[in-house]
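S.K.:
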């Protein structure tokens, strides 16, 4: 059996490839050759080409056919067409922003239409309207390109929507924002929203497990879209605590509201959004029997250890972080201003408020309260 993995050298590639090899597939990787994963077997065939353009895809895959294709990379809307007649089974990767409002949760656009964004997000949530976001338009076009061809019988297709994926070989080094602050002995960590916001994450090993479940159960997974997510999710502060805990470190968390430090400013270590982005994996669990293959806590440790051995470049090039992502001087100014504000805050609330439930506790017959 022959399998083509498009991409295959970043975070989710090795877990997918390993499971294909375990199932007896001869695996070929198709990618640009920019990244290579040292954990992959050396004898795998690599097609070093360009999976982003129609003409190069046609050139690179000319005369080839495969029993299975797993497309985790490239312009899948072009690959979906190019793979007609080359495979009976296609598994593709997209993302959650296709759901209505998930890229612009606070925009008036959402309130004017169907109200708040549904949390958690399910696979049958309404898709975003055309023209709200150009990138999302392309993502929706990609999903339709794949699923329309499945409906037309060109091949059997399954589409997965990725959340944030963590693990070795990732090209996104978000954990380093926390790891480096530990290594630099930053005592205080600015957190917002009480550290309570939820963002969906999935361990790369669990991604590989989910894709393998779809491969093993084509009769259930063909024609379906699935959300990928660890069974266990963590708040923003818990995520920081997990990573710091691997290094035996504890931060003093300082909660500074978004109104004081707006999202997207470099002096806030985790400059996220003031709302949840939580995806449900209930369909994956129900249809394919998904359960986490690894505990997220354990995979966080694996991820941190990998980054310590392979520290990312901080030079602002490409996807690399910038020096301003570690603007400690800016953080210290913000912390000093916040401390000063709190020191001068008046004691507004002099009376303590107690909660009492509204149900009566009669002590004798006839009591109403």
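In the numbering used here, the protein residues as written are 457 to 825. Beta carbons: idealized from backbone N, C-alpha and C, even for Gly.
Skipping 5 residues on each side, what residues in its chain have a beta carbon closer than 6 Å to that of residue 548?
M.R.: Position 92 of the chain shown, counted from the first residue, corresponds to residue 548. These residues qualify, in order along the chain: 527, 532, 602 and 615.
S.K.: Going by alpha carbons, who is nearest to residue 662 out of 468, 705, 710 and 464?
M.R.: Here residue 662 corresponds to residue number 206 of the chain shown, with the count starting at 1. The residue with the shortest Cα to Cα distance from residue 662 is 468.
S.K.: Tell me, please, which residues DSSP counts as bridged to residue 462.
M.R.: Indexing the chain shown from 1 puts residue 462 at position 6. The partner list for residue 462 (beta bridge, DSSP) reads 486 and 527.
S.K.: Mind checking which residues open and close the alpha helix (DSSP H) that includes residue 760?
M.R.: Translated into the one-based positions of the chain shown, residue 760 becomes position 304. Residues 752 to 765.
S.K.: Return no unless some Cβ of chain C is closer than 7 Å to the Cβ of residue 597.
M.R.: Chain labels in this structure do not include chain C; a single protein chain is all it has.
S.K.: Can you tell me which residues form a DSSP beta bridge with residue 691?
M.R.: Looking up residue 691 in the chain shown gives position 235. DSSP lists 654 as partners of residue 691.
S.K.: Classify residue 567 as helix, strand or coil using the three-state DSSP reduction.
M.R.: The residue you call residue 567 lines up with position 111 of the chain shown. Reliability fails at residue 567, whose pLDDT of 48 lies under 50, so the model's placement of it is uncertain and the value that follows must be treated cautiously. If DSSP states are grouped into helix, strand and coil, residue 567 belongs with the helices.
S.K.: Could you tell me which residues DSSP puts in a beta bridge with residue 550?
M.R.: The residue you call residue 550 lines up with position 94 of the chain shown. Per DSSP, 617.
S.K.: Could you compute how far the alpha carbon of residue 584 sits from the alpha carbon of residue 781?
M.R.: Here residue 584 is taken as the residue at index 128 of the chain shown, counted from 1. Here residue 781 is taken as the residue at index 325 of the chain shown, counted from 1. For residue 584 and residue 781, the distance between alpha carbons rounds to 31 Å.
S.K.: For residue 447, list the residues DSSP reports as bridge partners.
M.R.: Only positions 457 to 825 of the chain appear in the structure, and residue 447 is not among them; the question remains open.
S.K.: Give the secondary structure of residue 606 by DSSP, where H, G and I count as helix, E and B as strand, and everything else as coil.
M.R.: Along the chain shown, read from residue 1 onward, the residue named residue 606 stands at position 150. Note: residue 606 maps to helix in three-state DSSP.
S.K.: What are the boundary residues of the beta strand (DSSP E) that includes residue 627?
M.R.: Here residue 627 is taken as the residue at index 171 of the chain shown, counted from 1. That residue, residue 627, is in no beta strand (DSSP E); it is neither H nor E in DSSP.
S.K.: Would you call the segment 647 to 662 and the segment 735 to 752 touching, i.e. three or more CB-CB distances under 8 Å?
M.R.: Enough Cβ pairs lie closer than 8 Å, so yes.
S.K.: Pair every Cβ in the segment 634 to 649 with every Cβ in the segment 773 to 793, then say whether three or more of these pairs are closer than 8 Å.
M.R.: Touching, yes.
S.K.: Shortest alpha-carbon distance to residue 732 belongs to which of 653, 544 and 578?
M.R.: Locating residue 732 in the chain shown gives position 276, where the first residue counts as 1. Looking at the Cα atoms, 653 is the closest of the given residues.
S.K.: Less than 7 Å between C-beta atoms, sequence neighbours within five positions excluded: which residues of the same chain meet that for residue 621?
M.R.: Working through the chain shown from its first residue, we reach residue 621 at position 165. Closer than 7 Å at the Cβ level, and outside the excluded window around residue 621, lie 467, 468, 658, 660 and 663.
S.K.: What does the alpha-carbon distance come out to for the pair residue 729 and residue 696?
M.R.: Start at 1 with the first residue of the chain shown, and residue 729 comes out as number 273. Start at 1 with the first residue of the chain shown, and residue 696 comes out as number 240. One C-alpha to the other measures close to 16 Å.
S.K.: Just grab the DSSP bridge partners of residue 545 for me.
M.R.: Residue mapping note: residue 545 aligns to position 89 of the chain shown, counting from 1. Paired residue(s): 612.
S.K.: Taking residue 682 as part of the beta strand (DSSP E), name the residues at either end of that continuous run.
M.R.: In the chain shown, residue 682 corresponds to position 226, counting from 1. Start and end: 681 to 683.
S.K.: Ordered along the chain, which non-local residues of its own chain (more than five positions away) have a Cβ less than 6 Å from that of residue 419?
M.R.: Residue coverage of the chain in this structure runs from 457 to 825, which leaves residue 419 outside it and unanswerable.
S.K.: Residue 784 to residue 712, Cα distance in whole Å?
M.R.: Position 328 of the chain shown holds residue 784. Position 256 of the chain shown holds residue 712. Approximately 16 Å between the Cα atoms of the pair.
S.K.: From the DSSP output, read off the bridge partner residues of residue 502.
M.R.: Taking the first residue of the chain shown as position 1, residue 502 is located at position 46. BP columns for residue 502 point to 485.
S.K.: Assign residue 724 to one of two classes, buried (16 or more other C-beta atoms within 10 Å of its C-beta) or exposed (fewer than that).
M.R.: If you number the chain shown from 1, residue 724 lands on position 268. Buried, by the Cβ-count rule.
S.K.: I'd like to know whether the C-beta atoms of residue 476 and residue 493 end up nearer to each other than 7 Å.
M.R.: In the chain shown, counting from the first residue as 1, residue 476 sits at position 20. In the chain shown, counting from the first residue as 1, residue 493 sits at position 37. No; because the gap between Cβ atoms is not below 7 Å, this pair is not in contact.
S.K.: Sorted by chain position, which residues of the same chain lie with C-beta nearer than 8 Å to residue 522's C-beta, five sequence neighbours on each side aside?
M.R.: Mapped onto the chain shown, residue 522 falls at position 66. For residue 522, where only same-chain residues beyond five positions count, the Cβ hits under 8 Å are 458, 459, 460, 484, 542 and 543.
S.K.: Note down the Cα distance separating residue 619 from residue 812, rounded to an integer number of angstroms.
M.R.: Residue 619 sits at position 163 when you count from the first residue of the chain shown. Residue 812 sits at position 356 when you count from the first residue of the chain shown. Whole-angstrom Cα-Cα distance: 41 Å.
S.K.: In whole angstroms, what is the alpha-carbon distance linking residue 612 and residue 769?
M.R.: Along the chain shown, read from residue 1 onward, the residue named residue 612 stands at position 156. Along the chain shown, read from residue 1 onward, the residue named residue 769 stands at position 313. For residue 612 and residue 769, the distance between alpha carbons rounds to 40 Å.
S.K.: With a 10 Å radius around its C-beta and 16 neighbouring C-beta atoms as the bar for buried, classify residue 586 as buried or exposed.
M.R.: Looking up residue 586 in the chain shown gives position 130. Its Cβ having fewer than 16 others within 10 Å, residue 586 is exposed.
S.K.: Please go through the same chain and pick out, in chain order, the residues whose beta-carbon is closer than 6 Å to the beta-carbon of residue 530, but skip the five residues on each side of it.
M.R.: Taking the first residue of the chain shown as position 1, residue 530 is located at position 74. Only 462, 507 and 508 meet the Cβ criterion.
S.K.: What is the DSSP secondary structure of residue 577, reduced to helix, strand or coil?
M.R.: As a position in the chain shown, residue 577 is number 121, starting the count at 1. Residue 577: strand per DSSP, three-state reduction.
S.K.: Would DSSP call residue 785 helix, strand or coil?
M.R.: Residue numbering aside, residue 785 sits at position 329 when the chain shown is read from its first letter. Residue state, collapsed to three classes: helix.
S.K.: In whole angstroms, what is the alpha-carbon distance linking residue 692 and residue 644?
M.R.: Translated into the one-based positions of the chain shown, residue 692 becomes position 236. Translated into the one-based positions of the chain shown, residue 644 becomes position 188. Rounded to whole angstroms, residue 692 to residue 644 spans 15 Å at the Cα level.
S.K.: Taking residue 600 as the reference, give the member of 516, 740 and 679 with the closest Cα.
M.R.: In the chain shown, counting from the first residue as 1, residue 600 sits at position 144. Of the candidates 516, 740 and 679, the one whose C-alpha sits nearest the C-alpha of residue 600 is 679.
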